[in-house]
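**Q**
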Amino acid sequence: MKILYLMGAGHVGSTVIDVVIAANPRIESLGEAWKLPTAWAGEKTERICACGAPISTCPFWREVRTVWAELAGDDDVERLVALMRHFDGSGNALAWPRMLRSRYQPSAEFREYARRSLALYQAVAQVGGKQTIVESSLSPRRAFVLASTPGIDLHLVHVVRDGRGVIWSHRNPAKAAVRRSFQPAPTRHITRYWLTANLQSAFVYAHVRPERRMRLRYEDFVTDPEAVLARIGAFVGEDLSGLLTPERAIRQPAPVRHTPGGNRVRLLREVQVRKDFGWMEQLPAADRAFFWRWAGWLAHHYGYTREPGA
Ligand SMILES: [Zn+2]
């Protein structure tokens, strides 16, 4: 079971990358796949599938659930959610040591989790008739679990973006206009999150074989998406050329997608690759300086420079 997994900190353009890649008819997009079991378990408000129907009534996901239950041996989604929280739930500090142990001495519980989640990917591939699944959950913990799951051929992409662009993206006035509750996180929080998420990602990256991992910069993707898609295509063994128009929209009128989780991008009819380098002109000097003081060393490692364009 081949999975192309996008890992990293948030606001790296992963949903757009995911949707563009899944324009290839051999690839199914799971988006933020962890949201599917929680939607099945009926938690909180009803989650909407990218096709427009609620997850609970979307025919695609109903069929996936039936096939999943057959493969997993029962229909116990609550159990899947509990195991998922236990092993890759964010904010769970014990999850890391538990996962490290699982990799070398898998407990019965871990084997059960691995079996149930593998069944989910297999069900998705079977119902959609696809060879490869792209997932943009981003979580490094989840990536580590997948890397330790027998039967999953993980192709790991660590997506990075200049942290100053990430801070800018959090402040995005366009988002502030659509979401009334919108309140950007303070620069120090975003900087800390950027560091921890990328360091955790680096840890997972180091545990994956070189031919099964690649690093991708948001800036390279939005500057020359065709070249980056060619790189990802060679990496995952799928032809990803010709998916975009010269205007960088997805070429085909997108087929109906059933991505269960991700940001608003997955619900759009027309998806276009856009550059957002607005931080270079508009992010206040104090925020840039703060980021660079604490995280510049790691940003430098990814090829970013203190002065943009230097
Ligand atoms: Zn659907």
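All residue numbers for the sequence shown refer to our numbering, where the first residue is 1012 and numbers rise by one.
Don't be surprised by glycine CBs; every beta carbon is placed ideally from N, CA and C.
1) Could you check if residue 1116 is buried or exposed, using at least 16 other CB atoms within 10 Å of its CB as the buried criterion?
2) Confirm the yes/no value for this check: CB of residue 1079, any heavy atom of ligand 1, distance under 7 Å.
3) In the DSSP assignment, the alpha helix (DSSP H) including residue 1089 goes from what residue to what residue?
4) Got a sec? Which residues, its chain only, sit under 7 Å from residue 1223 by beta carbon, not counting five neighbours each side?
5) Skipping 5 residues on each side, what residues in its chain have a beta carbon closer than 8 Å to that of residue 1181?
6) Consult DSSP for residue 1012 and reduce its assignment to one of helix, strand or coil.
7) Select from 1226, 1176, 1255 the residue whose C-alpha is nearest the C-alpha of residue 1299.
8) Determine the direct distance from the alpha carbon of residue 1241 to that of residue 1042, and round the result to whole angstroms.
9) Quick one, are the C-beta atoms of residue 1237 and residue 1143 less than 8 Å apart?
10) For residue 1122, which of helix, strand or coil comes out of DSSP?
11) Between the beta-carbon of residue 1156 and the beta-carbon of residue 1015, is there less than 8 Å?
12) Restricting to Cα atoms, I'd like to know which of 1159, 1252, 1282 is closest to residue 1111.
13) For the alpha helix (DSSP H) that residue 1311 lies in, which residues bound it at each end?
14) For the segment 1246-1262 against the segment 1030-1050, are there 3 or more C-beta pairs whose distance is under 8 Å?
15) Tell me the DSSP secondary structure of residue 1030 in three-state form.
16) So, do the segment 1287-1295 and the segment 1067-1076 have three or more beta carbon pairs nearer to each other than 8 Å?
17) What are the boundary residues of the beta strand (DSSP E) that residue 1042 is part of?
18) Quick one: is the Cβ of residue 1312 within less than 7 Å of any heavy atom of ligand 1?
19) Could you round the C-beta distance between residue 1020 and residue 1205 to whole angstroms and report it? I think they count as a contact, below 8 Å.
20) State the DSSP-derived secondary structure class of residue 1283, mapped to helix, strand or coil.
21) Spell out the partners DSSP gives residue 1225 in its beta bridges.
22) Output the distance between the C-alpha atoms of residue 1227 and residue 1028, rounded to the nearest integer angstrom.
23) Taking Cβ to Cβ, would you say residue 1317 is nearer than 8 Å to residue 1303?
24) Within a Cβ cutoff of 6 Å, which residues of the same chain sit near residue 1091, ignoring the five residues on either side of it in sequence?
25) Using the DSSP secondary-structure output, state which residues sit across from residue 1017 in a beta bridge.
**A** Considering the structure as presented:
1) Working through the sequence shown from its first residue, we reach residue 1116 at position 105. When all chains shown are included, residue 1116 counts as exposed.
2) The residue labelled residue 1079 in the question sits at position 68 within the sequence shown. Outside the cutoff, so no.
3) Position 78 of the sequence shown, counted from the start, is the residue given in the question as residue 1089. Unbroken alpha helix (DSSP H) run through residue 1089: 1088-1099.
4) Counting from 1 along the sequence shown, the entry for residue 1223 is found at position 212. Leaving aside the five residues that flank residue 1223 on each side, the residues in its chain whose CB is nearer than 7 Å to its CB run, in chain order, 1165, 1166, 1167.
5) For the purposes of this step, residue 1181 is identified with residue 170 of the sequence shown, where counting begins at 1. The residues are 1022, 1195, 1196, 1201.
6) As a position in the sequence shown, residue 1012 is number 1, starting the count at 1. In this structure, residue 1012 counts as coil in the three-state DSSP scheme.
7) As a position in the sequence shown, residue 1299 is number 288, starting the count at 1. Of 1226, 1176, 1255, the residue nearest in Cα terms is 1176.
8) As a working mapping, residue 1042 is identified with position 31 in the sequence shown. As a working mapping, residue 1241 is identified with position 230 in the sequence shown. Those two C-alpha atoms are separated by around 21 Å.
9) Numbered from 1 along the sequence shown, position 226 holds the residue referred to as residue 1237. Numbered from 1 along the sequence shown, position 132 holds the residue referred to as residue 1143. The answer is no: Cβ separation not under 8 Å.
10) Here the question's residue 1122 lines up with position 111 in the sequence shown. In the structure shown, the three-state DSSP call for residue 1122 is helix.
11) Along the sequence shown, read from residue 1 onward, the residue named residue 1156 stands at position 145. Along the sequence shown, read from residue 1 onward, the residue named residue 1015 stands at position 4. Result no, Cβ atoms of residue 1156 and residue 1015 do not sit closer than 8 Å.
12) Your numbering for residue 1111 matches position 100 in the sequence shown. Selected option, being the one with the closest Cα: 1159.
13) Indexing the sequence shown from 1 puts residue 1311 at position 300. From DSSP, the alpha helix (DSSP H) with residue 1311 extends over 1296-1312.
14) Touching, yes.
15) Here residue 1030 refers to the residue found at position 19 when the sequence shown is read from its first residue. Of the three classes helix, strand and coil, the one that applies to residue 1030 here is helix, per DSSP.
16) Contact between the segment 1287-1295 and the segment 1067-1076 is not established, with fewer than three Cβ pairs separated by less than 8 Å.
17) Looking up residue 1042 in the sequence shown gives position 31. Under the DSSP assignment, residue 1042 falls in the beta strand (DSSP E) whose first and last residues are 1038-1042.
18) Locating residue 1312 in the sequence shown gives position 301, where the first residue counts as 1. Not under cutoff, so the answer is no.
19) Mapped onto the sequence shown, residue 1020 falls at position 9. Mapped onto the sequence shown, residue 1205 falls at position 194. Indeed they touch by this definition, with Cβ atoms about 5 Å apart.
20) As a working note, residue 1283 is residue 272 in the sequence shown. Three-state DSSP puts residue 1283 in a strand.
21) Position 214 of the sequence shown holds residue 1225. In DSSP, residue 1225 forms a bridge with 1168.
22) As a working mapping, residue 1227 is identified with position 216 in the sequence shown. As a working mapping, residue 1028 is identified with position 17 in the sequence shown. Roughly 11 Å separates the two Cα atoms.
23) Residue 1317 sits at position 306 when you count from the first residue of the sequence shown. Residue 1303 sits at position 292 when you count from the first residue of the sequence shown. In this structure, residue 1317 sits near residue 1303, with a CB-CB distance shorter than 8 Å.
24) Your numbering for residue 1091 matches position 80 in the sequence shown. Cβ within range, chain order: 1048, 1127.
25) Here residue 1017 refers to the residue found at position 6 of the sequence shown. Residue 1017 pairs with 1168.
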